[in-house]
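> Add 97 to the 1-based position in the sequence shown for the numbering used here, that's all there is to it.
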Amino acid sequence: MTLKINRRRLLGTLAGTTAAGVLGVATAQEQILPTVSTSSNLSFETEILVCGGGPAGFAAATNAARLGRKTLILERYGRLGGMGIHARVWPLMGGVNSPFVKEVHDRIGGNGFDPERADLHYADFLQQAGATILLHAWVTEPILEGNRIVGVKAISKEGTITIRAKLIIDATGDADVAAVVGVPYDMGRESDGLVQPMSIMFAVEGVADNAQYCGSEEAARATKINATESWETVTVAAQKRGELPETVGVVRTYKMGRRGKACVNATQINCLFGTNIEDLTKAELECRRQAFQVVDFMKKHLPGYENIYVSHMPAVIGVRETRRIRGLEQLKREDLISGRKWDNAIVREARFSIDIHNPAGSGQAENQTTAEVQGTAAKVKPYDIPVTCVIPQKVDGLLVAGRCISGTHEAHSSYRVQNICMAIGAGVGTVAAVALNDNVAPVDVDVKKVQNILFT
Ligand SMILES: Cc1cc2nc3c(=O)[nH]c(=O)nc-3n(C[C@H](O)[C@H](O)[C@H](O)COP(=O)(O)OP(=O)(O)OC[C@H]3O[C@@H](n4cnc5c(N)ncnc54)[C@H](O)[C@@H]3O)c2cc1C
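This is how it looks when you write it as structure tokens:
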């Protein structure tokens, strides 16, 4: 139960605090602190419930609502947009043949979107489609009937809230719902279970007009700093001297919309897990410290960056890889390298390299040869993602969207980028709505009907 505050009484008490001193302040605080309860009567009924408001979740909820189904989307933080907003992951990456993604790009300004505003565009999409948005609601447990999920409970400032739905889409990135409901999942690479590192991405301002930008390891190798040194050799030398953290072997910069502004992707911490609270705490603190070390390095060694300063730090650390559910089908590296096509595709022509940031050292793991020569991401051919990768094993009433769908560690490193996750979400929301419209389970949905909606 929430404590009701009498505003006039509160103001009166606050006004009296100066005279009443510390005792008065304590009285005022007692008045304004709500009673945190463990349960509330707040409950919602919907047809399609989407958990997680990242690129996959917002796309899923928008399409589900556009197809006429009552849709509610829950997000644990105060903004929509997932990693791109909370962790300042920028720009949007990945190619895909998706009219929905194109429509989003047209509205938000393409891959170089404005992270200060994009979340409101996502909210507009949802509200114009008729979906209900609930922010500050953290999904914690499922409501089960046999092996069917029929709702979830979420923690809020009002205590636990209950949401019941006919179909639930887990777009939490970490497969939080699937994991608590008992869907089998994998985490990390097959050899040792290690995941891609977490990172703090941040923005700097004060970059000179003539500065070079270097967005990948290949570019770092090719970019000359002076007659004898490349961006990469300067970085690796600083790493060896201890001027940069030992996990930072590449400093990627992306020119942001405004003059003199750049996004920096460099910090990383290995062998920690984004689903473990102590690991998350350590990663937050260490990577934020790394960020300032990286800035000091840039000011000293990268021409054009001498006068930079940190202008935006993210609200939370970026988590690249956690749980990958086991679905009816698993997407594999070979499917991507060969550009496999599926009759039951809900995503078509996805394109992004197999981009594994080294789980055990610095740089990118693929083709890692020596400390001096960092990795090269393996190229893929445009590939499809079938509906069977978003339908989990063992539990009914649940679909999964975004980076936690069913795929191997290597396949995940490609489809995890935001444009592809958005396309997955668009597909999953459509599958959910068509399933309800036709009164069938998602596994029995008419995929041709879904494709007609998605691709025409
Ligand atoms: C450091 C870093 C750099 C990257 N670089 C790029 C890049 O340059 N370009 C690119 O396109 N991609 C990049 N990526 C990948 C990309 O950002 C993510 O993989 C992508 O955002 C995944 O989308 P998603 O919707 O599946 O999950 P997310 O973006 O993680 O969104 C999940 C949402 O669910 C919410 N949520 C989680 N748990 C709960 C819960 N229990 N209850 C309620 N809500 C919950 C979260 O708050 C979040 O809003 C990068 C990732 C990282 C970490």
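Where a beta carbon is used, it is the ideal one built from N, C-alpha and C, also for glycine.
1. Measure the C-alpha to C-alpha separation of Ala388 and Glu144 and round it to an integer number of angstroms.
2. Pairing CB atoms from the segment 513–530 with CB atoms from the segment 141–156, are three or more of them under 8 Å?
3. Please confirm if Glu431 has its CB atom under 8 Å from at least one CB of chain D.
4. Among the candidates Lys263, Pro483 and Asp452, whose CA atom is the shortest distance from the CA of His509?
5. Classify Met353 as buried or exposed, calling it buried when 16 or more other Cβ atoms lie within 10 Å of its own Cβ.
6. Rounding to the nearest angstrom, what Cα-Cα distance links Glu238 and Val278 in this structure?
7. Would you please state the rounded distance, in angstroms, between the beta carbons of His409 and Ala335? I believe it to be under 8 Å.
8. Please report the residue range of the beta strand (DSSP E) in which Arg245 lies.
9. Using 7 Å as the cut-off, classify the Cβ of Arg599 as near or not near the heavy atoms of ligand 1, replying yes or no.
10. Using CA atoms only, rank isn't needed, just tell me which of Gly303, Ile488 and Ile374 is closest to Arg355.
11. Measuring CB to CB, does Met298 end up less than 8 Å from Cys368?
12. Please give the ranges of any beta strand (DSSP E) in the segment 423–496, keeping only runs that are unbroken, at least 3 residues long and fully inside the region.
13. Given Asn244, which residues of its chain have a CB within under 7 Å of its CB, disregarding the five upstream and five downstream residues?
14. Is Asp271 near ligand 1 - that is, is its Cβ less than 7 Å away from at least one heavy atom of it?
15. Skipping 5 residues on each side, what residues in its chain have a beta carbon closer than 6 Å to that of Ile240?
16. Do you know how far the Cα of Ala324 is from the Cα of Leu425?
17. How many angstroms separate the CA atom of Val119 from the CA atom of Asp393?
18. Nearest CA to the CA of Leu223: which residue from His454, Gly165, Ala412 and Ala462?
19. Can you say whether Thr344 is buried or exposed, counting buried as having 16 or more other CB atoms within 10 angstroms of its CB?
20. If you drop the 5 nearest sequence neighbours on each side, which residues of the same chain put their C-beta closer than 7 Å to that of Ser253?
21. Helix, strand or coil for Pro539 per DSSP?
22. Compute the beta-carbon to beta-carbon distance between Arg204 and His218, rounded to the nearest angstrom, for a pair I have assumed lies under 8 Å.
23. Classify Asn362: buried if its beta carbon has 16 or more other beta carbons within 10 angstroms, exposed otherwise.
24. In the DSSP assignment, what residue or residues form a beta bridge with Arg355?
25. May I have a chain-ordered list of the beta strand (DSSP E) segments no shorter than 3 residues that lie completely inside the segment 209–283?
26. Buried or exposed: Arg564, going by 16 or more other Cβ atoms within 10 Å of its Cβ?
27. By DSSP, does Gly175 sit in helix, in strand, or in coil?
28. Compare the Cα-Cα distances from Gly290 to each of Arg420, Lys476, Gln461 and Lys546 and report the closest residue.
29. Please find out if some non-hydrogen atom of ligand 1 comes closer than 7 Å to the beta-carbon of Asn367.
30. Report the rounded CA-to-CA distance for Asn441 versus Val525, giving the unit in angstroms.
31. Measuring CA to CA, which of Asp535, Leu177 and Gln390 is closest to Leu341?
32. Mind checking Thr553: buried by the 16 CB within 10 Å criterion, or exposed?
In short:
1. 44 Å
2. yes
3. Among the protein chains of the structure shown there is no chain D, as only one such chain exists.
4. Asp452
5. buried
6. 8 Å
7. Their Cβ separation, rounded to whole angstroms, is 24 Å, which puts His409 and Ala335 out of contact at 8 Å.
8. Arg245 to Ser253
9. The structure shown does not extend to residue 599, since the chain is modelled only from 98 through 553, so no value can be given for it.
10. Gly303
11. no
12. 442–447 and 480–483
13. Lys491, Val492 and Asp493
14. yes
15. Val247 and Gly248
16. 55 Å
17. The pLDDT assigned to Val119 is 34, lower than 50, so where the model puts this residue is not dependable; a value taken from the coordinates is nonetheless given after this. Spanning the two alpha carbons is a distance of roughly 44 Å.
18. Gly165
19. buried
20. His233 and Ala234
21. helix
22. 5 Å
23. buried
24. For Arg355, which the question treats as bridged, DSSP gives no partner whatsoever.
25. 229–231, 235–242, 245–253, 256–261 and 264–267
26. Look at the range of the chain in this structure, 98 to 553, and you will see that residue 564 is not part of it.
27. coil
28. Arg420
29. no
30. 12 Å
31. Gln390
32. exposed
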